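Numbers 248 to 656, taken from the working numbering, label the letters of the sequence shown in order. Each residue gets a CB set at the ideal place from its N, CA and C atoms; glycine is no exception. A quick note: this is a predicted structure, and the numbers were derived from the prediction, not measured. Here is the structure we will look at.
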Amino acid sequence: MEIKKITGGVTAAKGFEAAGAAAGVKYKDRKDMAVIYSQKPCRAAGVFTSNVVKAAPVLWDRNAVEHSAYAQAVIVNSGIANACTGTAGYECCKKTAECAAEKLGIPEESVLVASTGVIGMQIPVEKIAAGIEELAKRKSADIESGTAAAEAIMTTDTRSKETAVQFEIDGKMVTVGGMCKGSGMIHPNMGTMLGFITTDISISKDLLQEALRMDVQDTFNMISVDGDTSTNDTLLVLANGMAGNEEIVSKDDNYYRFAEALHIINETLAKMMAGDGEGATALFETKVIHARTKEEARVLSKSVICSSLTKAAIFGHDANWGRILCALGYAGVQFDPEKIELFFEGENGRIQIYKDGAAVDYSEEEATKILSEPEVRVIVDMKMGDFEACAWGCDLTYDYVKINADYRS
């Protein structure tokens, strides 16, 4: 059976429940807290921000993933990041875990926490406690509850982000589902702003961590909205083993099958985030092919989607290929610009724009039409080797500045 996409998110896998609720942590008119809960203890894996300034929940979760025997719940709030909050911020994580443990009937050390929003504000713990009580009452395994959780973790996102897949291992149906949030301050060097993946597969903790760590290199680490790596980047995976497959303890065919499914989830969520960048009107992908090494392909593709001038040209539907060449040229990779080729591609067509060191004779009208689509792709053929990589970003619009000029208010 092939890996197939199904409806749902974090509640798609067997034994997982979720909920969203309005606790008034910062927002006054929307859901701002979520819970993910497993009926059975889970193996947990995580990747976290590379920013030296790490939010309190990142420190809490990193310690829990490394040292706790298992995890069973995640409590998330939006609106306030609990970053740069000193000892009070870490104490807030502890009190959150204590309250969740009491309301959910699980050990305190099995509770993970995550926060997103404004940096520097203290979280009102009494509102978190009231929110947890409400979440414990509402949690359910239905699809709608997973969607409610995905909506509750949004900040400047314009839409919730969730996906799920199913496949078979040794005759057992395995499900992997996930949700994430992220629209601004997106330039991960680990995973994403906030991402949560649930699965009912049985797999060792070490292999779960390795699968996650390896896959983020070609998914979440390949997106950028604005070049700012968040203080709160967290990507967690919980595996409760309720699919009933024999535990995966080596890198056999079943491990690689799971890794493939995990990749589909991660790439889908990463592209959702990139396409929903603050103020964005288009998902902007750069695919570098025939590079000398995998790392060079990654560096080159990421350089293009991070270029503010290129992003602005995509917003203006302007085939300004010189900006693409410029971004490739300062990426730190040596290449011969006389040999590479550039293409624009969209759902309705593909045109070549550069070859042999100069522009080709292309139609500006056709190029503008392709660049006006909601998903725009630049293809860079390096003609140097056999490696390729994709990076995803978005266009740079007036609205990005408007959103971030008054974000705290």
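Close-in-space but distant-in-sequence residues of the same chain around residue i (CB under 7 Å, 5 per side omitted)
i	result
R406	D523
F582	M629, M631
Among the options, the one whose alpha carbon lies nearest that of residue i
i	options	result
E525	V472, K374, A260, T515	V472
N501	E349, Q319, K419	K419
G604	L509, L618, L572	L572
Y274	S325, N310, I626, A348	S325
G429	D447, T403, L454, D453	T403
Y647	S555, S619, V627	S555
E415	I626, Y503, D480	Y503
K586	K384, N595, V627	V627
For residue j and residue i, the rounded distance between their alpha carbons
i	j	result
G579	A411	37 Å
K630	A574	18 Å
L516	A652	27 Å
F443	T533	26 Å
A302	M368	11 Å
V300	D465	24 Å
T644	I370	32 Å
D499	E457	14 Å
C339	S449	32 Å
F505	V365	36 Å
K261	V484	14 Å
E381	Y601	58 Å
T439	T615	Any reading at T439 is ruled out, since the residue's pLDDT is 47, under 50, leaving its predicted position unreliable.
I552	K350	45 Å
M469	V272	32 Å
G491	E345	31 Å
T373	I536	Note on identity: in this sequence residue 373 is Glu, with Thr being the wrong assignment. Their backbone Cα atoms lie some 53 Å apart in a straight line.
S619	I511	27 Å
A508	Q413	8 Å
Cβ shell of residue i (< 8 Å), same chain only, five flanking positions each side left out
i	result
Q599	E588, L589, F590, V607, Y609
V257	F263, A265, I283, G393, A396, A397, E409, G424, G425, M426, F443, I444, T445
K649	G526
I390	T254, G255, G256, T258, A259
M320	Residue identity differs from the one stated: residue 320 is Ala in this sequence, not Met. Cβ neighbours of A320 beyond the five flanking positions: V282, I283, Y284, S285, A347, L351, I353, S357, V358, L359.
Whether residue i touches residue j by CB criterion (8 Å)
i	j	result
G255	G393	yes
G336	V312	no
A529	V623	yes
K251	G267	no
D308	T481	yes
Presumed contact (8 Å Cβ cut-off) between residue i and residue j, rounded CB distance
i	j	result
F634	K541	5 Å
S451	E494	7 Å
S362	N310	Wrong, their Cβ atoms sit about 16 Å apart, outside the cutoff.
L441	V323	7 Å
M280	G378	4 Å
A270	I400	Not really, about 12 Å apart at Cβ, beyond 8 Å.
Nonlocal neighbours in the same chain, by C-beta distance under 6 Å from residue i, ignoring five residues either side
i	result
A259	A411, T422, G424
W639	I470, K518, A521, E532
P662	Only positions 248 to 656 of the chain appear in the structure, and residue 662 is not among them; the question remains open.
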